[in-house]
Amino acid sequence: MLAVRKARRKLRMGTICSPNPSGTKTSSEVCNADWMASLPPHLHNLPLSNLAIPGSHDSFSYWVDEKSPVGPDQTQAIKRLARISLVKKLMKKWSVTQNLTFREQLEAGIRYFDLRVSSKPGDADQEIYFIHGLFGIKVWDGLMEIDSFLTQHPQEIIFLDFNHFYAMDETHHKCLVLRIQEAFGNKLCPACSVESLTLRTLWEKNCQVLIFYHCPFYKQHPFLWPGKKIPAPWANTTSVRKLILFLETTLSERAPRGSFHVSQAILTPRVKTIARGLVGGLKNTLVHSNGWKSHGSSLLSQERS
58 MLAVRKARRK
68 LRMGTICSPN
78 PSGTKTSSEV
88 CNADWMASLP
98 PHLHNLPLSN
108 LAIPGSHDSF
118 SYWVDEKSPV
128 GPDQTQAIKR
138 LARISLVKKL
148 MKKWSVTQNL
158 TFREQLEAGI
168 RYFDLRVSSK
178 PGDADQEIYF
188 IHGLFGIKVW
198 DGLMEIDSFL
208 TQHPQEIIFL
218 DFNHFYAMDE
228 THHKCLVLRI
238 QEAFGNKLCP
248 ACSVESLTLR
258 TLWEKNCQVL
268 IFYHCPFYKQ
278 HPFLWPGKKI
288 PAPWANTTSV
298 RKLILFLETT
308 LSERAPRGSF
318 HVSQAILTPR
328 VKTIARGLVG
338 GLKNTLVHSN
348 GWKSHGSSLL
358 SQERS
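Residue numbers for the sequence shown follow the numbering used here, so the first one is 58 and each next one is one higher.
In C-alpha cells form, the structure reads like this:
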C-alpha cells in the first residue's frame, strides 16, 4: 500500500486535478499526477530512498479474466475446483485487489507497482501476462499505458517491482526484458548506488523507471535492479493490530543504507477467511468489515509525521 522509506518531512499531496479552462494550472493547484515535480527544491537532492512513495499491491489486478485458465500460482486443488464455472466467478472476487487502472493509479499519485507475471498455458507466442489467481492483461499493454503517462509527465519517477514469476523459462524472461526495453528505452535507470539516486540526478539523465527483477536473470542487463535492493517484508495476517505492529517493527529494523524498503500495509486472507466470506469477496470481508479504513488512515498519518 505504501512504499519506500519514511520521509524526513511530511509530504503534502493534493487531489487529482485537471488544467483550468485556459489550459494552465494556477499556482494554488497541486496535482497528484505531478507530485514529484511539485516537491520543494530542498527535496530534489535528497536520496530517493528517504522519500515516502505511495504504492499499490497486486497493482495490475484491477481486471482479471474469469474465462482464462486458472493461473500457475494456484494449487492443483483450486485448478480442479475451477472446472465449475461458478468457482472462477468467486475467485475473481478474491483476485481483484485494485479498482483503478495503471493510468488512474499514476494520476492518483501511485509510483510503486507490485507486479506478478506468468506465461499462459497453450500460448505459442511467448506472451507474458499479469497474474493473480486468474490472468490479467498482457504485460506489454500495461507497460505501454505506463510509458504514455511518463512521456506526458517527464519528472515523475516510478518503481516497477517484478517479484513473482510463474511458468517462465529463459525464453520467457528474454521476451519480457525485451518488452521492457522496447516500452521504456532511455527512460530506464541503470542499477547504481541507492544513496546516489536523487530526483535531480534522475531528471538530469531523463531517467524515470527503476525495474526491480527478483530473478538471477537481472545480472544480464544493467537496467535491471536486483530484488534484494527493495525488500518487502510481509505480515501475512488478517489482524489489523498485528499488521500495524509488524509494520512498525520492520520499518524500524530496515537497512540504514544500500536499499529501498517496502511497507506492505495489506491484510492477507487465510483459507478460513475466504471460506467464511466466499460470496462477499476480498473488499467486503477484509477491508470494510475489519476497521482497516480507520486504522489505515491513522497509520498513514504516523508515517508522514
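Even glycine gets a Cβ: it sits at the ideal position worked out from N, Cα and C.
For Ile301 and Trp291, the gap between their C-alpha atoms comes out near 12 Å. The criterion of a C-beta distance shorter than 8 Å is not satisfied by Asp226 and Ile188. The alpha carbon of Phe280 has as its nearest neighbour, out of Asp218, Thr306, Phe117, Glu305, the alpha carbon of Asp218. The C-alpha of Gln212 lies about 18 Å from the C-alpha of Phe159. Nearest in C-alpha terms to Phe222, of all of Leu103, Tyr275, Thr306, Asp182, is Tyr275. Shortest Cα-Cα distance from Gln209 to any of Ile237, Ser176, Gln183, Asn263 involves Asn263.
For the pair of segments examined, the segment 187–203 was found to touch the segment 136–156: the number of CB pairs separated by less than 8 Å reaches three. Under the 10 Å beta carbon count, Lys177 is surrounded by 16 or more other beta carbons and is classified as buried. The DSSP assignment places 169–176, 185–189 as complete runs of the beta strand (DSSP E) inside the segment 152–194, in order along the chain (cut-off: 3 residues). For Ile110 and Thr306, the gap between their C-alpha atoms comes out near 19 Å.
Going by DSSP, Trp282 is part of the beta strand (DSSP E) stretching over 281–283.
The three-state reading of DSSP puts Ser296 in coil, since its state is none of H, G, I, E or B. By the beta-carbon neighbour count (other beta carbons within 10 angstroms, threshold 16), Cys88 is buried. According to DSSP, residue pairing for Leu245 in a beta bridge involves Val266.
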